[in-house]
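To keep things clear, I will list the structure first and then write my remarks on it.
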Amino acid sequence: MKRFLRWFALCLALGATVFWLGAGAHRGWTKNSVAKKTLDEVTGIEGISYEQRFVPGVDFLAVAWALAGGLGAVSLVRRPNSARNPRNNNGIL
Amino acid sequence: MNLKLLNALSLAIATVGLATDALAVPLKFDFKDPKGVNNAVFKLDAPLEAINGSANGIMGTVTFDPANPAATQGKIIVAASSLNVPNSMMKEHLHGDQWMDVTKHKEIVFEAKSLSNVKTSGDNTTADVSGTLTIKGVAKELTVPIKLSYLKDKLAARTNGMLKGDLLVLRANFSIKRSDFGINPKAPQDKVSDNIELTLSIAGSAPH
Chain S
1 MKRFLRWFAL
11 CLALGATVFW
21 LGAGAHRGWT
31 KNSVAKKTLD
41 EVTGIEGISY
51 EQRFVPGVDF
61 LAVAWALAGG
71 LGAVSLVRRP
81 NSARNPRNNN
91 GIL
Chain Y
1 MNLKLLNALS
11 LAIATVGLAT
21 DALAVPLKFD
31 FKDPKGVNNA
41 VFKLDAPLEA
51 INGSANGIMG
61 TVTFDPANPA
71 ATQGKIIVAA
81 SSLNVPNSMM
91 KEHLHGDQWM
101 DVTKHKEIVF
111 EAKSLSNVKT
121 SGDNTTADVS
131 GTLTIKGVAK
141 ELTVPIKLSY
151 LKDKLAARTN
161 GMLKGDLLVL
171 RANFSIKRSD
181 FGINPKAPQD
191 KVSDNIELTL
201 SIAGSAPH
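Note that the protein sequences, when read in sequence, are chains S and Y.
According to our numbering, the first sequence is numbered sequentially starting from 1.
According to our numbering, the second sequence is numbered sequentially starting from 1.
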């Protein structure tokens, strides 16, 4: 279980980092939409429209790392001896 | 005889032409933009956080006389609900009562009253426009630099020939203080800049 938690935490941290880097390593807040500019050739004005797209920001990375750190910490917590070895509980088993 | 008649006719046409020029009325440009290109961009650049967004719900009318750009007057209105930022939670906050309170204050209005330092070169005019800016119910007098480009007979090119007329492009770049208009006054300035940079790029049409 401990090993699974550690591996899961590591995968989570690495996966989130790779996803963040792959999505452009955006150093601002996470975006749900992205501004798209289109030039009006008659007036020369750049119109702005928004297209729905998820762009992870540093807050996404921070939450993923915090979660991974939490899982890693949980995996380090030692269970009490009685819980780890039921034989010590009553000596019967 | 025919020559005299022709001369008289030419003179009459020229006189009518001059009279029409002398009586030229200012053109009224409507800034409601069916193409949705008109926009106002806002930027708040604080040391810890930058907020960028735009609005495209723009309407209003401007009266512009190509022969006398200094007499330009008008009103530009931005629908507060059209303010947009790329993060949906941030947008919710922006529309909320601490920030723009868009349910109560539906419009951002700039009413141009006079122009000064007017310089015209060809179809382009630069000037300082003085007027009243009303945001969140707070009205402030301010003067901002503006560029006006008069595009005669260009409306057809923008409407695939469906309408004939002129276009007027307005561009302005200026800053206001968030605290002057009661926009989230409690927000710390290291996180949310007090200075709001505004860039307005809009085109109005005057069909004829």
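The C-beta atom is built at its ideal place from N, Cα and C for all residues, glycine as well.
Fair warning: this is a prediction, and the values are worked out from it, not measured in the lab.
If you follow the alpha helix (DSSP H) that residue i is part of, which residue opens it and which one closes it?
i              : result
residue 17(S)  : 2 to 22
residue 72(S)  : 58 to 76
residue 155(Y) : 155 to 158
For residue i, is the classification buried or exposed, using 16 other Cβ atoms within 10 angstroms of its Cβ as the cut-off for buried?
i              : result
residue 154(Y) : buried
residue 74(S)  : exposed
residue 110(Y) : buried
residue 86(Y)  : buried
residue 163(Y) : exposed
residue 103(S) : There is simply no residue 103(S) to check, as chain S begins at 1 and stops at 93 in what is shown.
residue 100(Y) : buried
residue 13(S)  : buried
residue 51(S)  : exposed
residue 19(Y)  : Its pLDDT being 46, under 50, residue 19(Y) is placed unreliably in this model, and the coordinates cannot settle the point.
residue 16(Y)  : Bear in mind that a pLDDT of 48 at residue 16(Y), under 50, signals an unreliable position, so the number given afterwards is only what the model happens to contain. The residue in question, residue 16(Y), is exposed, as its Cβ has fewer than 16 Cβ neighbours within 10 Å.
residue 27(S)  : exposed
residue 188(Y) : exposed
residue 21(Y)  : With a pLDDT of 48 at residue 21(Y), under the threshold of 50, the modelled position of this residue cannot be trusted, and the question is left open.
residue 55(Y)  : buried
residue 122(Y) : exposed
residue 72(Y)  : buried
residue 45(Y)  : exposed
residue 7(S)   : exposed
residue 33(Y)  : buried
residue 25(S)  : exposed
residue 64(Y)  : buried
residue 37(Y)  : buried
residue 158(Y) : buried
residue 20(S)  : buried
residue 31(S)  : buried
residue 166(Y) : buried
residue 137(Y) : exposed
residue 39(S)  : exposed
residue 123(S) : What is shown of chain S runs 1 to 93, which leaves residue 123(S) out entirely.
For the beta strand (DSSP E) containing residue i, list its first residue and its last residue.
i              : result
residue 151(Y) : 138 to 151
residue 130(Y) : 124 to 135
residue 177(Y) : 165 to 177
residue 110(Y) : 107 to 121
residue 52(Y)  : 50 to 55
residue 75(Y)  : 73 to 79
With DSSP collapsed to three states, give me the class of residue i.
i              : result
residue 88(Y)  : helix
residue 65(Y)  : coil
residue 22(Y)  : At residue 22(Y), the pLDDT of 46 sits below 50, so the modelled position is not reliable; the number obtained from the coordinates is stated separately. Correct three-state label for residue 22(Y): helix.
residue 30(Y)  : strand
residue 180(Y) : helix
residue 82(Y)  : helix
residue 206(Y) : strand
Could you tell me which residues DSSP puts in a beta bridge with residue i?
i              : result
residue 39(Y)  : 201(Y)
residue 38(S)  : 47(S)
residue 44(Y)  : 51(Y)
residue 162(Y) : Answer is none; residue 162(Y) lacks a bridge partner.
residue 32(S)  : Paired residue(s): none; residue 32(S) is not in a bridge.
residue 60(Y)  : 76(Y)
residue 52(S)  : 33(S)
| field | Under 8 Å (Cβ pairs) to chain Y, residues found in the stretch 40 to 53 of chain S | value | Close to chain Y, meaning a Cβ-Cβ distance shorter than 8 Å, are the following residues of the stretch 40 to 53 of chain S: 40, 42, 43, 44, 45, 46, 47, 48, 49 and 50.
| task | Could you name the residues of the stretch 32 to 46 of chain Y whose beta carbon sits closer than 8 Å to any beta carbon of chain S, in the order they occur along the chain? | result | 35, 36, 37, 38, 39 and 41
| If contact means a Cβ-Cβ distance below 9 Å, which residues of the stretch 145 to 178 of chain Y contact chain S? | For the stretch 145 to 178 of chain Y, which is checked against every Cβ of chain S, the residues closer than 9 Å are 149, 151, 154, 155, 157, 158, 167, 169 and 171.
| request: Could you please tell me which residues of the stretch 18 to 31 of chain S, in chain order, have their CB closer than 8 Å to any CB of chain Y? | output: 28, 29, 30 and 31
| query | Looking at chain S, which residues of the stretch 53 to 74 of chain Y have a Cβ within less than 7 Å of any of its Cβ atoms? | reply | 54 and 56
| query | Mind listing which residues of the stretch 81 to 92 of chain Y have their C-beta closer than 8 Å to chain S's C-betas, in chain order? | reply | 84, 86, 87, 88 and 90
| message | Residues of the stretch 197 to 208 of chain Y in Cβ contact with chain S at a cutoff of 8 Å, in chain order, please. | response | 201, 202 and 203
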